[in-house]
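Asks: Heads up: the sequence lines are chains A and B, in that order. What the first sequence shows, in the working numbering, is residues 24 to 590, in sequence order. What the second sequence shows, in the working numbering, is residues 246 to 680, in sequence order.
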Amino acid sequence: MKKLYSLAVILIVILGLFLRAYNLNKTPPSVNFDEAALGYNAYSILKTGKDEYGNFLPLSLRSFNDYKPALYAYLSIPLIALMGLNETSVRLVSAIAGTVSLVFLYFFLCEFIKNKWLRLFVFAILSFEPWRLHFSRVAFETNLSASFFIAGSWYLFKFRNWRVQKGKVLKFLLVSFLFALSAYSYHSARVAVPIFITLWMLDPFKLIFKGKLIPYLNWIVKKRSFFLYPLVLFILFVIPVFLATNSSLVLTRFRQENIFDRYFPYAPKELVSSDNAWLNWKSHPVYYFTGLLSGHVLSYISPINIGQRIYHWIRGSVQYIPGFSMFGWIECIVFLFGLFILLKNIKKANKYRFVLYWIIAGAAPAAVTWNWFHPLRSLNIYPALEIIIALGFVGIFNWIKSVTPKIIKRVIFGVIGLVYAVTILFIVFNEYNYSIWENNGEYQPGGFKEGVSVLKSIQDNYDQVIIDSPHAQSYIFFLFYQSFPPEIVQQYADKRPKPGVEGNLNFDFYKYKFGMYDWPNQKNNSNQIIWTSSEVKEDEINNTSGAKIIWVDNAVKKKATAIITKD
Amino acid sequence: MGFFYPPTEDQLRLINFADSFFSGDIRLWLLRVVSLILLIISLFFWFQTIKKNINKNIALISIFLIFLTPTFFILWYSHPFDCLKIFILLTVFYLMFGKSNEKRLLGFAVFSIIFISIFSFSLTQERSSFIHKLSLSDAQKELNIRFDAEDKVLNKVDIPLNLKRIAYNKYFILYKQLVNEIIPFFDFETIFFQEIHPKEQKSVVLFVWPVIFLFLFGIYFLFKKENKSARIIVLSLSIVALGNYLISINEPYRKFEMILFPISLVTALTINEGMKYGIGWIRKSMFWVCVVFLIYGTGTNYYDLFNRTDFWLDNRPIFYDYIFKTISKEDLEKYDNIYISSIVGNPELYCKFYRNDCQEKFTFKSFDLSVNKSEKKSLYAGFAGEFIGSDFKNNINSNWKNMISSSGINILGTMKMRDTIAYKYGNDVVIGEAK
Numbered sequence: 024m025k026k027l028y029s030l031a032v033i034l035i036v037i038l039g040l041f042l043r044a045y046n047l048n049k050t051p052p053s054v055n056f057d058e059a060a061l062g063y064n065a066y067s068i069l070k071t072g073k074d075e076y077g078n079f080l081p082l083s084l085r086s087f088n089d090y091k092p093a094l095y096a097y098l099s100i101p102l103i104a105l106m107g108l109n110e111t112s113v114r115l116v117s118a119i120a121g122t123v124s125l126v127f128l129y130f131f132l133c134e135f136i137k138n139k140w141l142r143l144f145v146f147a148i149l150s151f152e153p154w155r156l157h158f159s160r161v162a163f164e165t166n167l168s169a170s171f172f173i174a175g176s177w178y179l180f181k182f183r184n185w186r187v188q189k190g191k192v193l194k195f196l197l198v199s200f201l202f203a204l205s206a207y208s209y210h211s212a213r214v215a216v217p218i219f220i221t222l223w224m225l226d227p228f229k230l231i232f233k234g235k236l237i238p239y240l241n242w243i244v245k246k247r248s249f250f251l252y253p254l255v256l257f258i259l260f261v262i263p264v265f266l267a268t269n270s271s272l273v274l275t276r277f278r279q280e281n282i283f284d285r286y287f288p289y290a291p292k293e294l295v296s297s298d299n300a301w302l303n304w305k306s307h308p309v310y311y312f313t314g315l316l317s318g319h320v321l322s323y324i325s326p327i328n329i330g331q332r333i334y335h336w337i338r339g340s341v342q343y344i345p346g347f348s349m350f351g352w353i354e355c356i357v358f359l360f361g362l363f364i365l366l367k368n369i370k371k372a373n374k375y376r377f378v379l380y381w382i383i384a385g386a387a388p389a390a391v392t393w394n395w396f397h398p399l400r401s402l403n404i405y406p407a408l409e410i411i412i413a414l415g416f417v418g419i420f421n422w423i424k425s426v427t428p429k430i431i432k433r434v435i436f437g438v439i440g441l442v443y444a445v446t447i448l449f450i451v452f453n454e455y456n457y458s459i460w461e462n463n464g465e466y467q468p469g470g471f472k473e474g475v476s477v478l479k480s481i482q483d484n485y486d487q488v489i490i491d492s493p494h495a496q497s498y499i500f501f502l503f504y505q506s507f508p509p510e511i512v513q514q515y516a517d518k519r520p521k522p523g524v525e526g527n528l529n530f531d532f533y534k535y536k537f538g539m540y541d542w543p544n545q546k547n548n549s550n551q552i553i554w555t556s557s558e559v560k561e562d563e564i565n566n567t568s569g570a571k572i573i574w575v576d577n578a579v580k581k582k583a584t585a586i587i588t589k590d
Numbered sequence: 246m247g248f249f250y251p252p253t254e255d256q257l258r259l260i261n262f263a264d265s266f267f268s269g270d271i272r273l274w275l276l277r278v279v280s281l282i283l284l285i286i287s288l289f290f291w292f293q294t295i296k297k298n299i300n301k302n303i304a305l306i307s308i309f310l311i312f313l314t315p316t317f318f319i320l321w322y323s324h325p326f327d328c329l330k331i332f333i334l335l336t337v338f339y340l341m342f343g344k345s346n347e348k349r350l351l352g353f354a355v356f357s358i359i360f361i362s363i364f365s366f367s368l369t370q371e372r373s374s375f376i377h378k379l380s381l382s383d384a385q386k387e388l389n390i391r392f393d394a395e396d397k398v399l400n401k402v403d404i405p406l407n408l409k410r411i412a413y414n415k416y417f418i419l420y421k422q423l424v425n426e427i428i429p430f431f432d433f434e435t436i437f438f439q440e441i442h443p444k445e446q447k448s449v450v451l452f453v454w455p456v457i458f459l460f461l462f463g464i465y466f467l468f469k470k471e472n473k474s475a476r477i478i479v480l481s482l483s484i485v486a487l488g489n490y491l492i493s494i495n496e497p498y499r500k501f502e503m504i505l506f507p508i509s510l511v512t513a514l515t516i517n518e519g520m521k522y523g524i525g526w527i528r529k530s531m532f533w534v535c536v537v538f539l540i541y542g543t544g545t546n547y548y549d550l551f552n553r554t555d556f557w558l559d560n561r562p563i564f565y566d567y568i569f570k571t572i573s574k575e576d577l578e579k580y581d582n583i584y585i586s587s588i589v590g591n592p593e594l595y596c597k598f599y600r601n602d603c604q605e606k607f608t609f610k611s612f613d614l615s616v617n618k619s620e621k622k623s624l625y626a627g628f629a630g631e632f633i634g635s636d637f638k639n640n641i642n643s644n645w646k647n648m649i650s651s652s653g654i655n656i657l658g659t660m661k662m663r664d665t666i667a668y669k670y671g672n673d674v675v676i677g678e679a680k
């Protein structure tokens, strides 16, 4: 039985890897902007040791002036070297990271579920959650970060007593190193990790339940102060990111997205009568701002958010999973039961408080941005939410066991098992094919994958390629899909939009010139190619001598781009 | 600071029913008083049940919390049928839960759901979305859309049809759809954060946001050994609240109205604990911060509700209130016909309330003056789109005033509505005369 159980666990992990890695070149059908940027910069570093701007082995990739953490790109390099620059090589790091994360999830489940067959069942369900599959099949830095985060969390949790002096330094190093890798993978962890370790060190809920400050402070000094070591080590590990690049540029993303500016004066504008909003005592900004901040944090434990609701900033973005939010439908309801069990036990054992601190810390970086609920920025917390779902399953199963006779119990468990088997199939089919249809659009722009290879095959015969694209960073697809020589791109670094500039970041390079489609004027020029997704009157092209049009379909069989050649 | 919100259709139905006994605004206020009395009796039953099964303090705090919510205020002010429903449910609840008993839990829940179903259907004659889904027609539709969409994918992952059918069949999709009807019940944003709702959902505040912290701590207290009765009460009323949510077809705060009771009870457990002597200054100060925020939040939300009534509440009564108040200033004798739009409700009900004579000259239906020429000596009241023609994207020409005037209609009054309540016809209410 023990062998069968272990085999089942291993099978789930292997199947997890297979489903994550299968047909990565087909679905999602084309790379998105960030995937293309990560992939191309990895390729550039592989070939030249420098990123697309010519920075030598950077810790942050300037990319779209958003200074992406560079670890994902570095980890992709061996795969790109082996498989070339394509969707699979870029996404495989995420698929592997998502699978590794499963192993640590299993470790956590062992701590929270004693019944091993129930644990296996819950593990199987959680391994194929919509978010796990979706975020592992796209090159998300945040998925890599979340995997390191759960690994760091596991060791932080495992060494929670730290009584044994032997190997203490190594344990500190391991925790700090894993968390640092998380921080080198995605911005959120840089904020979440210090908060997490601090909360875990101070254990404020213990203070709330104890209620007395002096004994609590004594306890902190005697039993918890050693957590300062991993905290300080983590900070030391992460400092180079800020030193290597102008720290204000690293914070660019935060400046663009923070909660503070966008919502001021926080209260409904019609109710703010005074010139000075802070004097408006009837609808005071402090009340509304505190509410906003609380709402941002608590939105991550609102069942509807994690199970169904799609906000407009999520729909049409790469994080959108059609038909789901993050978890399966039943799981978000089970989550509520799990939350109740967690709160019930919060005083009894610190492992429950650990999960709560994990959620608070992981949600904090996302909470200070303007979006109410943002899965991408809070991905670190989802394993913690899964632990709560697991608690919910345990509670429900125990309840069913206690109130039903054995035969009925077996029938109920059989039905639940069957429903989940079908649900997992649905999740897989949904992710593989249906999401292509739903996600095709702004963030998964079609036409580039199909069109650039056509362009590459003919561009040598022409002097100029005019690109008319509505996308502000579409240049990256021309680099990615033809593995464009990075040495040439790096020569244009000085001519590109300066750091801090937002909006249109396209730049002219090689034969490529970004401009508008204007056939009445352009038809007189010769030896040029025009790439456009604007409306093209086919008759006009066909009636011009030497002009030819090649249509490129996107992933859902719709005309996405016209490549017009003029001899 | 005063509060004004016109009568709802539900109120008007009842008022017109009792037309022969009273007249004028007094009818409306009498109805509101009756609704309030029903709710107060319901609260009394709630108080008695909690007092008997848990303790008096918690019962008092709980009814105080319910009494404070803007939803409670709006229910008695505008929704008499909801008050009646709550009254009946709480009366049965009181009678069945003299002493909380697990066996009665199921009985009460089953009774409540049957009662709510019959009650809702008899009032609206409509099926809720949840009930509608059971017909499988929506499941079939969704299934077709899925197959169709996947067929259009250029380079898809091949999955054998037989395997696909296991997950892509109308029974599984029905399961998906039904669960998706249930999930919105577990919506912290609507229950606790309506005042700053991220989707700007139009509804009334159920609980001000500080309550969520007291509620979450309350869960801890709820699971203490001594609170078994509270657990039974919370569970039974949560099931009823879920039933009410799934069967009702009203605005969110009315669908959620029954959740006021279990949540107020859980919250009351925290407040009761917080008021105990000797719990330590840290817990005490945290508790009082929450309470201060709660009281302030309640005040500020009432201030908001009174100042932006049209933001929080259904605008249709406001539309008819404006029309009938405006035309009452006119000499209606000079018109042969008076057309009142029926696009957003039943104008006849409003007419009977605002005026005594609603016969002969009045026609209560939507009109389209871009197609049919206006009749002479007639008065028209409706949306701008009814005067100059509708637009399926609701983009009514911004020059509508001039367009109406140039068509020979003299504008007597206009009002801009806050929300789009008559899609395709614009957000501007117009009263005009054709001489």
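Glycine residues also receive a C-beta, built at the ideal position from the N, C-alpha and C atoms.
1) Buried or exposed for Lys49 of chain A, going by 16 or more other Cβ atoms inside 10 Å?
2) Using a cut-off of 8 angstroms between C-beta atoms, extract the partners of Arg553 of chain B located in chain A.
3) First and last residue of the beta strand (DSSP E) that includes Asp576 of chain A?
4) If the criterion is Cβ atoms closer than 8 angstroms, does the pair Ile492 of chain B and Ser362 of chain B meet it?
5) Please check if any C-beta of chain A sits within less than 8 angstroms of the C-beta of Phe318 of chain B.
6) Below 8 angstroms, can you find three or more Cβ-Cβ pairs linking the stretch 446 to 456 of chain A to the stretch 498 to 508 of chain A?
7) For Ser83 of chain A, write down the residues that DSSP places opposite it in a beta bridge.
8) Name, in chain order, the residues that DSSP records as bridge partners for Met660 of chain B.
9) Helix, strand or coil for Gly627 of chain B per DSSP?
10) Leaving out the 5 sequence neighbours to the left and right, which residues in its chain are closer than 7 angstroms to Pro308 of chain A when beta-carbon positions are compared?
11) Assuming Leu132 of chain A and Val145 of chain A form a contact by the criterion Cβ under 8 angstroms, report the distance between their Cβ atoms to the nearest whole angstrom.
12) Which ranges does the alpha helix (DSSP H) cover as unbroken runs of at least 4 residues, wholly within the stretch 173 to 255 of chain A, from first to last along the chain?
13) What span of residues does the beta strand (DSSP E) with Lys646 of chain B cover, start to end?
14) With distances taken between CB atoms, is the gap from Val539 of chain B to Leu505 of chain B smaller than 8 angstroms?
15) Touch check for the stretch 150 to 160 of chain A and the stretch 338 to 347 of chain A: three-plus C-beta pairs under 8 angstroms?
16) Between the Cα of Phe416 of chain A and the Cα atoms of A:Val295, A:Ala147, A:Phe249 and A:Leu321, which residue gives the shortest distance?
17) Can you tell me the Cβ-Cβ gap for Glu110 of chain A and Val32 of chain A, rounded? I've got them flagged as a contact below 8 angstroms.
18) Name, in chain order, the residues that DSSP records as bridge partners for Trp554 of chain A.
19) Would you tell me roughly how many angstroms separate the C-alpha atoms of Ile333 of chain A and Val214 of chain A, rounded to the nearest one?
20) Beta carbons nearer than 9 angstroms to chain A: which residues of the stretch 484 to 498 of chain B have them?
21) Is the shortest distance between the beta-carbon of Lys409 of chain B and the beta-carbons of chain A less than 8 angstroms?
22) So, helix, strand or coil for Asn453 of chain A, using DSSP?
23) Going along the chain, which residues of its own chain have a beta-carbon closer than 6 angstroms to the beta-carbon of Pro52 of chain A, five neighbours each way excluded?
24) For Asn281 of chain A, tell me which candidate among A:Arg400, A:Glu75 and A:Ile489 has the shortest Cα-Cα distance.
25) At which residue ranges does the stretch 257 to 337 of chain A contain complete alpha helix (DSSP H) runs of 4 or more residues, listed in the order of the chain?
26) Going by the beta-carbon positions, is the gap between Phe127 of chain A and Ala174 of chain A smaller than 8 angstroms?
27) Sort out for me which residues DSSP pairs Phe609 of chain B with in a bridge.
28) What are the start and end residues of each continuous beta strand (DSSP E) run of 3 or more residues lying completely inside the stretch 458 to 512 of chain A, in chain order?
29) Quick one: is Thr50 of chain A near chain B, going by C-beta distance under 8 angstroms?
30) Among B:Leu284, B:Val278, B:Pro325 and B:Ala304, which residue has its Cα nearest to the Cα of Ser509 of chain B?
31) What's the C-alpha gap between Gly314 of chain A and Met660 of chain B?
32) For Val391 of chain A and His319 of chain A, what's the separation of their Cα atoms in angstroms?
33) Let me know the secondary structure DSSP gives Lys536 of chain A once reduced to three states.
34) For Arg391 of chain B, decide whether its Cβ has a neighbour in chain A, counting only Cβ atoms nearer than 8 angstroms.
35) Below 6 angstroms CB to CB, which residues in the same chain sit around Asn623 of chain A once its five sequence neighbours on both sides are set aside?
36) With C-beta atoms as the reference, is Ile564 of chain A less than 8 angstroms away from Phe151 of chain A?
Replies: The answer reads as follows:
1) So Lys49 of chain A counts as buried.
2) Here the neighbours are Pro291, Glu293 and Leu294.
3) Its beta strand (DSSP E) spans residues Ala570 to Asp576.
4) A contact, by the Cβ cut-off of 8 angstroms.
5) Phe318 of chain B does not count as touching chain A.
6) Under the 8 angstroms Cβ criterion, the stretch 446 to 456 of chain A does not count as touching the stretch 498 to 508 of chain A, having fewer than three qualifying pairs.
7) A:Pro92.
8) In DSSP, Met660 of chain B forms a bridge with B:Val674.
9) Three-state result, Gly627 of chain B: strand.
10) Only residues of its own chain outside the window of five on either side were considered, and among them Pro288, Tyr289, Ala290, Ala300 and Trp301 have a CB closer than 7 angstroms to the CB of Pro308 of chain A, listed in chain order.
11) Leu132 of chain A to Val145 of chain A, Cβ: 6 angstroms. Contact.
12) Listed in chain order, the complete alpha helix (DSSP H) runs (minimum 4 residues) inside the stretch 173 to 255 of chain A are 191 to 208, 211 to 225, 227 to 233 and 236 to 242.
13) Note, Lys646 of chain B: premise wrong, no beta strand (DSSP E); alpha helix (DSSP H) at Trp645 to Ser651.
14) In the sequence under discussion, the amino acid at residue 539 of chain B is Leu, which differs from the Val named in the question. If you check the CB distance, Leu539 of chain B and Leu505 of chain B do not come in under 8 angstroms.
15) Taking 8 angstroms as the limit for Cβ pairs, the verdict is that the stretch 338 to 347 of chain A does touch the stretch 150 to 160 of chain A.
16) For Phe416 of chain A, the closest C-alpha among the options A:Val295, A:Ala147, A:Phe249 and A:Leu321 is that of A:Ala147.
17) Actually they do not touch by this definition, with Cβ atoms about 30 angstroms apart.
18) DSSP lists A:Ile490 and A:Ile586 as partners of Trp554 of chain A.
19) Roughly 26 angstroms between the two C-alpha positions.
20) Using a CB distance below 9 angstroms, no part of the stretch 484 to 498 of chain B faces chain A.
21) It does: the Cβ of Lys409 of chain B has a partner Cβ on chain A nearer than 8 angstroms.
22) In the displayed model, Asn453 of chain A falls within a helix according to three-state DSSP.
23) These residues qualify, in order along the chain: Ile459 and Ala578.
24) The candidate whose alpha carbon is nearest that of Asn281 of chain A is A:Arg400.
25) You should have 270 to 273, 275 to 280, 282 to 285, 308 to 321 and 326 to 330.
26) Yes, the pair counts as a contact, with Cβ atoms nearer than the cut-off.
27) Per DSSP, B:Ile585.
28) Taken in chain order, the complete beta strand (DSSP E) segments of 3 residues or longer contained in the stretch 458 to 512 of chain A are 487 to 491.
29) It does: the Cβ of Thr50 of chain A has a partner Cβ on chain B nearer than 8 angstroms.
30) Considering only alpha carbons, the answer is B:Ala304.
31) Cα to Cα, the separation comes out at about 34 angstroms.
32) Spanning the two alpha carbons is a distance of roughly 8 angstroms.
33) Looking at Lys536 of chain A - three-state DSSP - the assignment turns out to be strand.
34) Any Cβ of chain A closer than 8 angstroms to the Cβ of Arg391 of chain B would place that residue at the interface, and such an atom is present.
35) Chain A is shown only over 24 to 590; residue 623 of chain A falls outside these bounds and no answer can be derived.
36) Going by C-beta atoms, Ile564 of chain A is not nearer than 8 angstroms to Phe151 of chain A.
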